[in-house]
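In this note's numbering, the protein residues as written are 120 to 441.
Where is the CB? At the ideal position from N, CA and C, for every residue including glycine.
Single-structure report; data block below.
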Amino acid sequence: MTYKSFLLAALVVCGISFSSCNKADEDLNSIAYELCQYIPDHQLLERSKDFMTSDFYAVLDTMFNLPEHEAMDHEWLYYFVTGNGGTIADYTVDTVELKDKTHAVALLTVRQKWDDGSFSPEEDTEEHKLYMEKVGGKWLISDFDEHKQDCIHYIAIWRQEEALRQTMRDYLVKEIGSGYQQGDISIPVLMIVANEEGDDSDENDEPSSCKCYGDFWVFNYNIVGDTLKTVSGGNHSGCMYVEKNGGKLQVTRFEQTEDGAGNVASARRIFGEHYDVFQYMHGSDDLREAVRREQLQQYIQQHQLDVKYYQDFGWDAVPLED
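If you want it as structure tokens, here you go:
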């Protein structure tokens with residue numbers, strides 16, 4: 120082979136190689152752009168399951184099925200790329216870096232466009248990272264801006280807090296609700312003012328004791344048709360002392376506010392620096408009914424009851440759904 124022929128052949132090979140690389144890059148860019156359509160925006164689309172790794176979808180599915188109001192302190196977990204302004208996410212895939220044969224990271228520019236297509240480049244443009252993993256020959260979303268770990272952390276915190284809430288609910292039902300006229304079911308209402316963790320920790324380095332201040336209520340109901348009708352109930356504000364024994368939480372003491380003339384003084388003593396927050400919660404009928412309605416909805420969903428209303432004696436029935 121002459122030098123000229125060799126050089127020509129080499130150029131052809133290189134051209135094919137470069138063409139293949141460019142095609143591979145274009146394919147990854149196209150795949151990344153398609154996957155962008157399944158990034159959560161206030162809801163997790165069921166069809167997203169086919170475009171996410173199983174563990175990432177499982178984490179998001181758990182997150183999106185937590186009681187909605189519980190995640191409002193971390194509301195950003197519900198929308199990864201848009202806010203509450205009514206905008207539409209417009210994606211551009213800037214680059215895709217292939218980390219190895221089965222992992223890649225796409226750098227995205229996301230513009231928040233209004234319905235008319237306009238946007239503010241200074242305020243409505245953000246950069247994000249889309250993590251991709253090849254599973255069974257198919258590229259899937261494995262993470263987004265490393266939110267997977269954020270979600271796992273929040274879920275763990277929620278489960279700890281839910282275990283505490285359930286412990287307090289059980290105590291109110293068994294120790295307090297049992298002193299009232301009985302109905303078909305007893306459903307307490309927890310309006311948490313503050314939690315103070317103890318200094319001691321368990322083997323998992325988690326607090327093994329806490330004091331929970333709250334405006335607590337107990338309601339006993341009869342189920343009449345599709346309505347929860349209040350039989351009895353009352354207010355029991357104060358501080359619950361909760362400890363972990365053998366890995367299980369239990370209320371070891373409940374210091375309640377006094378009735379009558381001693382109510383304010385006892386509340387100031389028990390709640391201390393949390394008194395103003397307690398007084399606001401305790402004095403707001405609208406807030407209490409909103410929390411009561413929300414917690415009744417959770418109970419009914421959890422226990423799969425065919426109930427649509429709740430009704431206190433002498434009052435109109437209140438719908439549980441909007």
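Inter-residue CB distance, residue i and residue j (contact presumed, cutoff 8 Å)
i: Ser488; j: Gln375; result: The structure shown has nothing for residue 488, since the chain only spans 120 to 441.
i: Thr346; j: Val426; result: 7 Å
i: Val224; j: Tyr210; result: Wrong, their Cβ atoms sit about 15 Å apart, outside the cutoff.
i: Gly353; j: Val370; result: Contact doesn't hold; Cβ gap of about 18 Å is too wide.
i: Met251; j: Leu154; result: 7 Å
Residues near residue i in its chain [Cβ-Cβ closer than 6 Å; skip 5 each side]
i: Met171; result: Leu259 and Ile260
i: Lys457; result: The requested residue 457 is not part of the displayed model; the chain covers only 120 to 441.
i: Arg288; result: Pro307
i: Pro186; result: Gln417
i: Ser351; result: Tyr299, Gln300 and Asn339
i: Ile342; result: Asp303
i: Leu424; result: none
i: Val396; result: Val312
Pairwise C-alpha distance: residue j and residue i
i: Phe263; j: Asp319; result: 36 Å
i: Lys168; j: Leu226; result: 22 Å
i: Asp234; j: Leu163; result: 22 Å
i: Glu189; j: Trp277; result: Unreliable positioning characterises Glu189 in this predicted model, as indicated by a pLDDT of 47, which lies under 50. The coordinate reading is nonetheless provided below. So the two alpha carbons sit approximately 8 Å from each other.
i: Cys270; j: Tyr152; result: 23 Å
i: Asp219; j: Asn148; result: 16 Å
i: Glu216; j: Asp405; result: 53 Å
i: Cys358; j: Asp431; result: 27 Å
i: Gly256; j: Lys248; result: 22 Å
i: Gly379; j: Gly391; result: 19 Å
i: Ala275; j: Glu316; result: 17 Å
i: Gly366; j: Ser239; result: 53 Å
i: Met182; j: Glu413; result: 18 Å
i: Tyr299; j: Tyr340; result: 11 Å
i: Ile295; j: Leu179; result: 37 Å
i: Thr206; j: Ser237; result: 10 Å
i: Val312; j: Tyr429; result: 25 Å
i: Gln421; j: Arg411; result: 15 Å
i: His401; j: Gly344; result: 31 Å
i: Lys232; j: Asp303; result: 53 Å
i: Asn364; j: Ala177; result: 31 Å
i: Phe175; j: Thr214; result: 22 Å
i: Gln398; j: Thr244; result: 43 Å
i: Val292; j: Glu165; result: 37 Å
i: Ser305; j: Asp146; result: 59 Å
i: Gly381; j: Tyr290; result: 24 Å
i: Ile389; j: Ser297; result: 24 Å
i: Arg372; j: Glu265; result: 42 Å
i: Trp434; j: Gln156; result: 48 Å
i: Phe335; j: Asn184; result: 25 Å
i: Ile419; j: Lys267; result: 30 Å
i: Pro279; j: Glu246; result: A small fix is needed here, since residue 279 is Gln in this sequence, not Pro. Straight-line Cα distance between these residues: approximately 33 Å.
Beta-carbon contacts of residue i that lie in its chain and below 7 Å, excluding the five residues immediately before and after
i: Ser173; result: none
i: Ile158; result: Phe199, Val200 and Phe263
i: Val212; result: Asn148, Ala151, Tyr152, Ala225 and Leu227
i: Leu368; result: Ala282, Leu283, Thr286 and Val361
i: Glu377; result: Ser385
i: Ser208; result: Correcting the residue type first, residue 208 is Ala in the shown sequence and not Ser. Only Asp160, Val200, Thr201, Val229 and Gln231 meet the Cβ criterion.
Spatial neighbours of residue i in its chain, beta-carbon cut-off 8 Å, leaving aside the 5 residues before and after
i: Val437; result: Glu408, Arg412, Tyr428, Tyr429 and Gln430
i: Glu440; result: Gln416 and Lys427
i: Asn314; result: Leu283, Cys329, Lys330, Cys331 and Tyr332
i: Phe125; result: Low per-residue confidence applies at Phe125: pLDDT is 44, beneath 50, and the placement is therefore not dependable, though the value from the model is reported in the following sentence. Here the set comprises nothing.
i: Tyr394; result: Ala386 and Arg387
Closer than 8 Å: residue i CB and nearest the ligand HEM heavy atom
i: Tyr210; result: Of the ligands one can find in the structure shown there are none, so the ligand HEM has no counterpart to examine.
| said: Could you check whether the region 328-339 touches the region 282-300, counting it as contact only if at least three pairs of C-beta atoms, one from each stretch, sit closer than 8 Å? | reply: The region 328-339 makes contact with the region 282-300, as at least three CB pairs between them are under 8 Å.
| request: Run through the region 230-285 for me and flag every whole beta strand (DSSP E) of 3 or more residues, listed as ranges in chain order. | output: The qualifying runs are 244-254 and 257-263.
| query | Where are the alpha helix (DSSP H) runs, 4 residues long or more, that stay fully inside the region 297-365, in chain order? | reply | Counting only runs of 4 or more residues that sit fully inside the region 297-365, no alpha helix (DSSP H) segment turns up.
| Length at least 3, wholly inside the region 393-433: the beta strand (DSSP E) runs in chain order | The qualifying runs are 428-430.
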